[in-house]
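These notes concern the structure reproduced below.
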Amino acid sequence: MSKRKLTRRQAWRVNKIQEERAKRADKRDSSADEALSAGDLGPEREGLIVAHFGTQVEVESQPGKSQRCHLRANLEGMVTGDRVIWREGDPTGVVVAQLERKSVLSRPDPYGKIKPVAANIDQIILVIASLPEPHANLIDRYLVAAETVNIEPVILLNKTDLLDGDPERLEHIDNLLAVYPTLGYRVLRTSVNADRGIEAFLSQLRDRTSVFVGQSGVGKSSLINMLLPDLDLRVSALSESTNKGVHTTTTAQLFHLPTGGVLIDSPGIREFGLWHMTRGQIEAGFREFHPLLGACKFRNCQHEQEPQCAILEAVEAGQISEKRLNSYRQMVASIED
Ligand SMILES: Nc1nc2c(ncn2[C@@H]2O[C@H](COP(=O)(O)OP(=O)(O)OP(=O)(O)O)[C@@H](O)[C@H]2O)c(=O)[nH]1
Ligand SMILES: [Mg+2]
Ligand SMILES: [Zn+2]
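Going by this note's numbering, the letters in the sequence shown line up with residues 6 to 342, in that order.
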């Protein structure tokens with residue numbers, strides 16, 4: 006984030022927000038401590054955080070059975086998907102410890118601090134649609150982010166019904182997606198409205214913990230409603246003026262699928278940024294570059310116009326897509342700004 010001088014009014018507001026935050030944290034600690042010292046809590050048991058509301062979390066010990074919990078003092082940054090030790094209470098339980106994480110997705114908060122947003126994820130479902138149109142590099146940016154945290158991404162094109170009878174749009178999307186299967190990424194296609202692609206999607210979700218990422222309005226909640234019709238999550242039409250989503254889902258929530266597997270929809274991870282990445286990480290986020298890294302003449306080659314650049318030669322030879330190279334360059338330029 007760029008450094009700038011705050012006006013007096015802004016400084017006052019920032020102070021005020023910090024004071025309020027500290028007050029909330031104190032209150033949270035004392036509610037948890039009171040409950041713990043009152044001694045009317047159940048025995049310690051393992052649980053899973055299935056939703057997150059400000060200073061409280063919803064903890065589940067078995068699918069369908071969950072309770073609101075306070076967090077014990079000094080337990081910070083707990084997120085949906087975290088496994089915890091907790092004690093049942095009346096009306097509120099207490100989370101007393103966090104278990105080790107297998108993986109974590111993070112993103113910078115508005116103050117530039119890296120914050121976790123979901124834990125123990127095995128698979129990222131990157132949802133796109135022809136409307137809202139994915140902006141340039143959107144797919145590659147998400148893929149790089151997924152590669153960096155070492156979680157397998159799957160691309161899911163939703164709203165395929167919008168392509169019916171529109172060969173131009175279809176061709177555009179087909180061109181956009183063509184390169185990914187050649188890189189080993191799975192690409193699925195669904196339509197909630199026309200009831201397409203559900204079987205393949207369900208089998209991709211089976212026995213894994215997946216998280217949805219993707220722009221507002223691509224149909225993430227609609228897809229969950231399709232898989233779990235009793236749920237009836239809120240969905241909203243795109244804005245008529247901009248054709249963009251209106252940020253309907255506001256809490257991270259975890260869903261168990263009857264066919265097996267767990268799916269997390271979190272508003273926090275839709276646009277996880279790249280600004281905290283280095284050039285090396287971005288480079289490593291392009292999996293087709295891997296066999297060539299180290300093969301350029303210059304050790305610090307930026308793959309711009311250096312002589313004997315292995316990446317540029319591979320593009321020349323048609324082994325690496327020019328579009329992907331351009332994405333890489335634009336991403337590097339964006340972090341260097
Ligand atoms: N034509 C068409 N529209 C769809 C499809 N899936 C979802 N939509 C519509 O797209 C709009 C946005 O859907 P949501 O499910 O709210 O999108 P979201 O990704 O959850 O959006 P946020 O919660 O804001 O991130 C709604 O009007 C849905 O009815 C589809 O397969 N085809
Ligand atoms: Mg939603
Ligand atoms: Zn090079």
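Where a beta carbon is used, it is the ideal one built from N, C-alpha and C, also for glycine.
For residue i, does the count of other Cβ atoms within 10 angstroms reach 16, so buried, or fall short, so exposed?
i	result
histidine 1	Since the first residue of the chain shown is 6 and the last is 342, residue 1 is not available in this structure.
glutamate 49	exposed
aspartate 87	buried
leucine 53	buried
aspartate 145	buried
glutamine 103	buried
leucine 210	buried
leucine 80	buried
tyrosine 116	exposed
proline 158	buried
serine 208	exposed
methionine 6	The predicted model places methionine 6 with a pLDDT of 41, which falls under 50 and marks its position as unreliable, so this point remains unresolved.
glutamate 63	buried
threonine 254	buried
lysine 8	Confidence at lysine 8 is low in this model, with a pLDDT of 45, below 50, so the placement of that residue should be treated as unreliable; the coordinate-derived value is given next. By the neighbour-count rule (16 or more Cβ atoms within 10 Å), lysine 8 is not buried but exposed.
glycine 285	exposed
proline 139	buried
With DSSP as the reference, label residue i as helix, strand or coil.
i	result
histidine 177	helix
lysine 302	coil
serine 196	strand
methionine 6	Any answer about methionine 6 is weak, because its pLDDT of 41 lies below 50 and its placement is not dependable; what the coordinates show is given next. If DSSP states are grouped into helix, strand and coil, methionine 6 belongs with coil.
alanine 257	coil
glutamate 49	strand
leucine 188	coil
asparagine 163	strand
phenylalanine 206	helix
isoleucine 90	strand
glutamine 335	helix
histidine 295	helix
serine 215	strand
isoleucine 22	helix
glutamate 157	strand
cysteine 108	One detail in the question is off: residue 108 reads as serine in this sequence, not cysteine. It is coil, neither helix nor strand.
proline 172	helix
isoleucine 325	coil
arginine 29	helix
alanine 16	helix
alanine 56	strand
Inspect the beta-carbon positions of residue i and residue j and report whether they are closer than 8 angstroms.
i	j	result
asparagine 163	threonine 195	yes
tyrosine 147	valine 218	yes
isoleucine 130	serine 221	no
leucine 167	valine 99	no
arginine 55	threonine 97	Here the sequence assigns valine to residue 55, which means arginine is not the residue at that position. No; because the gap between Cβ atoms is not below 8 angstroms, this pair is not in contact.
valine 132	lysine 249	no
isoleucine 119	isoleucine 156	no
arginine 292	valine 184	no
valine 197	serine 227	yes
phenylalanine 206	leucine 193	yes
histidine 261	proline 113	no
Which whole-angstrom value is the C-beta distance of residue i and residue j, which I expect to be below 8 angstroms?
i	j	result
proline 137	leucine 238	No, proline 137 and leucine 238 are not in contact; Cβ-Cβ is about 19 angstroms, not under 8 angstroms.
valine 122	alanine 257	7 angstroms
glutamate 311	lysine 302	7 angstroms
glycine 94	aspartate 45	7 angstroms
glutamate 152	glycine 290	4 angstroms
Which residues mark the beginning and the end of the beta strand (DSSP E) in which residue i is found?
i	result
serine 71	70-76
glutamate 65	61-67
proline 120	Reading off the sequence shown, one finds lysine at residue 120, where the question assumed proline. Unbroken beta strand (DSSP E) run through lysine 120: 119-124.
leucine 268	267-270
leucine 232	No beta strand (DSSP E) holds leucine 232; the alpha helix (DSSP H) holding it covers 225-232.
What are the start and end residues of the alpha helix (DSSP H) that includes residue i?
i	result
alanine 102	First-last for alanine 102: 98-103, but that is the beta strand (DSSP E), not the alpha helix (DSSP H).
threonine 153	143-153
isoleucine 129	Per DSSP, isoleucine 129 belongs to no alpha helix (DSSP H); it is in the beta strand (DSSP E), 128-134.
alanine 289	284-289
leucine 317	315-321
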